[in-house]
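Novice: First, the structure itself, so that you have it in front of you.
2 protein chains.
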Amino acid sequence: MLKYQQIADEIEQYINQHDLKQGDKLPVLEQLMRQYAVSKSTITKALELLERKGVIFQLRGSGIFVRRHNRPGYMSLFSTQGFKRNLGDRVLTSDVLDLSIMKPDETVSQNLGISTEADVYHIERIRYVDGELFCVEESFYVKEIVPYLNREIVTDSIFDYIQSALGITIGFSDMYMQVGRLQEKEARLLQLNIGDPTLRIESIFHLSNGTPFDYSRITYHYEHSQFVIQANGPYL
Amino acid sequence: MLKYQQIADEIEQYINQHDLKQGDKLPVLEQLMRQYAVSKSTITKALELLERKGVIFQLRGSGIFVRRHNRPGYMSLFSTQGFKRNLGDRVLTSDVLDLSIMKPDETVSQNLGISTEADVYHIERIRYVDGELFCVEESFYVKEIVPYLNREIVTDSIFDYIQSALGITIGFSDMYMQVGRLQEKEARLLQLNIGDPTLRIESIFHLSNGTPFDYSRITYHYEHSQFVIQANGPYL
DNA sequence: CAGTGGTCTAGACCACATG
DNA sequence: ATGTGGTCTAGACCACTGT
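Chains A and B supply the protein sequences, listed in that same order. In terms of my numbering, the first sequence opens at residue 115 and continues consecutively. In terms of my numbering, the second sequence opens at residue 115 and continues consecutively.
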């Protein structure tokens, strides 16, 4: 485990355990350096992670402070998007509707950057948060990269599996978001009505070397999906 | 101007000017160090910015590569959210419906962390992208922090004004997002029908010292609003 | 002006990807 | 095995906040 990650985790844990509030002051840099017996840059790097994650903010000339938004019930947009962070104490479960191998259509092959002759896994799931209908997801995995999947894996976390079992490292993703109306099939699965509003997110996930390996479309239940995004500074 | 920002900007410019594609390789670290005559960490910091911004990705043992998503017409979610980045070549304009000073109601005072007796500016705008109806925005600014606004400022960019004229530095924001149906007033302003789907985002903007100064609610025209979010690694 | 975080350097060593 | 990015250090100096 990297030092700066370790330290970041410990500081975050400390904040949670002591239930610190927005604006509470953390020890100054120099003390953190002594406390963890590392150099300044290592602490800086750890704090930078926490800053990106929305856990703290730093103010030059003043100190390091806790940042915490105050709306329970809002999930981080990214927590349900592969890169699972804190879904907190909420439980994510799935019903698998389909798991099969197929040839991709034009759209899918283009998004994955593969030929329409290559094999892909097709997965369709309904997902629940704390037992509540949350979204339907249709996803396509490049079989050459993810050679094997079964119902058990797919019911659980696919990403956990391909990272731990296959040793694949996920790099980054592009997410495309838009609002629209439910189609017949989606409405049925989400137990809503045709034409009801919905949020749709298409995502393309890439390996750390830039190769796309997963294209997925998520349709959210508009009553049970609200998200928080914590943004930073002008440059993001 | 900070060295690493300068370098980041130049590299980004280079990528755009040469119209590099996803996967194109950039010079290796050592060459960049020589080219810009700075230390390794400075280059690293510059590249880190670009990585966060979704412009490049780095692969240890291999190189630095261009990252570029391939869907024109999708705006970065953050470009319309105060922290303006590249709205690209698209033009953002506004009609001001209201600009007044008032006392905040319970919700607003709570989100801004002020008393219901404190003054706030109330602003209501319709916003257009390339002349197309984009969203309606209602926002509240703490008058003690932003003591003066006029119609001209508000028609243009409020954030530009308070940063350059008032010397205020903006720190971070919490955005709360959900999907719903249009109410009567929103529908009229967006020239849509009551009950049509919409994306709503509430944002709380904080100064760099953590004080909230702006609470705003945006209601998007669902047909003209589609966003891209470029996410990074497991820790984000 | 004292205290605090931010930038930048030079260099040692490590971990990974690729041929 | 080689080349490449990533981690970490120790230290100088800078820039901002708040008293």
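Just so it is clear, CB atoms sit at the ideal spot from N, CA and C, and this is done for glycine as well. Treat the numbers as computed from the prediction; the structure is a model and nothing was measured.
Would you list, in chain order, the members of the segment 234–261 of chain B that have their beta-carbon closer than 9 Å to a beta-carbon of chain A?
Specialist: Residues passing the 9 Å Cβ filter: none.
Novice: Using CA atoms only, rank isn't needed, just tell me which of A:V243, A:I259, A:V293, A:I276 is closest to D203 of chain A.
Specialist: Among A:V243, A:I259, A:V293, A:I276, the Cα nearest to that of D203 of chain A is on A:V243.
Novice: Can you give me the Cβ contacts of R199 of chain B inside the same chain, cut-off strictly under 7 Å, excluding the 5 residues immediately before and after it?
Specialist: Only weak support is given to the placement of R199 of chain B: the predicted model assigns it a pLDDT of 49, under 50, and the value that follows is read from those uncertain coordinates. The answer, listed in chain order, is S190, F192, S193.
Novice: Would you list, in chain order, the members of the segment 286–315 of chain A that have their beta-carbon closer than 7 Å to a beta-carbon of chain B?
Specialist: Result list: F286, S287, D288, M289, Y290, M291, Q292, V293, G294, R295, P311, T312, L313.
Novice: To the nearest angstrom, how far is the alpha carbon of Y336 of chain A from that of L313 of chain A?
Specialist: Going from the Cα of Y336 of chain A to the Cα of L313 of chain A covers about 7 Å.
Novice: Hey, is Y128 of chain A's beta-carbon within less than 7 Å of any beta-carbon in chain B?
Specialist: No, Y128 of chain A lies away from the interface with chain B (no Cβ there is under 7 Å from its Cβ).
Novice: Can we say the segment 245–261 of chain B touches the segment 296–315 of chain A, given the rule of at least three CB pairs closer than 8 Å?
Specialist: Result no; under three Cβ-Cβ pairs closer than 8 Å.
Novice: Is it the case that the Cβ atoms of Q292 of chain B and Q195 of chain A are separated by a distance below 7 Å?
Specialist: Against a cut-off of 7 Å, the Cβ pair of Q195 of chain A and Q292 of chain B comes out as no contact.
Novice: If we cut at 7 Å on Cβ distances, does A345 of chain B have a partner in chain A?
Specialist: It does; some Cβ of chain A falls within 7 Å.
Novice: Classify L280 of chain A as buried or exposed, calling it buried when 16 or more other Cβ atoms lie within 10 Å of its own Cβ.
Specialist: Exposed: under 16 other Cβ atoms inside 10 Å.
Novice: Note down, in chain order, each residue of its chain lying with its Cβ closer than 6 Å to the Cβ of D138 of chain A, except the 5 sequence neighbours on either side.
Specialist: Same-chain partners within the cutoff: V180.
Novice: Given a threshold of 16 other Cβ atoms within 10 Å of its Cβ, counted over all protein chains shown, does N130 of chain B qualify as buried or as exposed?
Specialist: Exposed.
Novice: Quickly, what does DSSP pair Y79 of chain A with across the bridge? List them, please.
Specialist: It is not possible to answer for residue 79 of chain A, since the shown part of chain A is limited to 115 through 350.
Novice: Compute the beta-carbon to beta-carbon distance between D288 of chain B and Q172 of chain A, rounded to the nearest angstrom, for a pair I have assumed lies under 8 Å.
Specialist: That pair is no contact at about 17 Å.
Novice: Return the chain-ordered list of same chain residues with a C-beta closer than 8 Å to the C-beta of S153 of chain A, the five sequence neighbours on each side being excluded.
Specialist: Correct list, in chain order: M147.
Novice: Where do the ends of the alpha helix (DSSP H) carrying E162 of chain B lie?
Specialist: Where E162 of chain B is concerned, the enclosing alpha helix (DSSP H) stretches over 154–166.
Novice: Is the segment 202–217 of chain B touching the segment 158–170 of chain B, taking contact as three or more C-beta pairs under 8 Å?
Specialist: No, the segment 202–217 of chain B is not in contact with the segment 158–170 of chain B.
Novice: Tell me which residues of the segment 176–190 of chain B have at least one Cβ-Cβ distance to chain A shorter than 8 Å, keeping chain order.
Specialist: Correct list: S176, F179, R181, H183, R185, Y188.
Novice: In whole angstroms, what separates the C-alpha of Q149 of chain B from that of A122 of chain B?
Specialist: C-alpha separation (whole angstroms): 13 Å.
Novice: Where does the unbroken beta strand (DSSP E) through Q292 of chain B begin, and where does it stop?
Specialist: Its beta strand (DSSP E) spans residues 284–295.
Novice: Exposed or buried, A160 of chain A, counting other C-beta atoms within 10 Å across all chains shown (16 or more means buried)?
Specialist: Its Cβ being crowded by 16 or more others within 10 Å, A160 of chain A is buried.
Novice: Leaving out five residues on either side along the sequence, give the residues of the same chain with a beta carbon under 7 Å from the beta carbon of Y128 of chain A.
Specialist: Once the five neighbours on either side are set aside, Y128 of chain A has no close Cβ partner at all.
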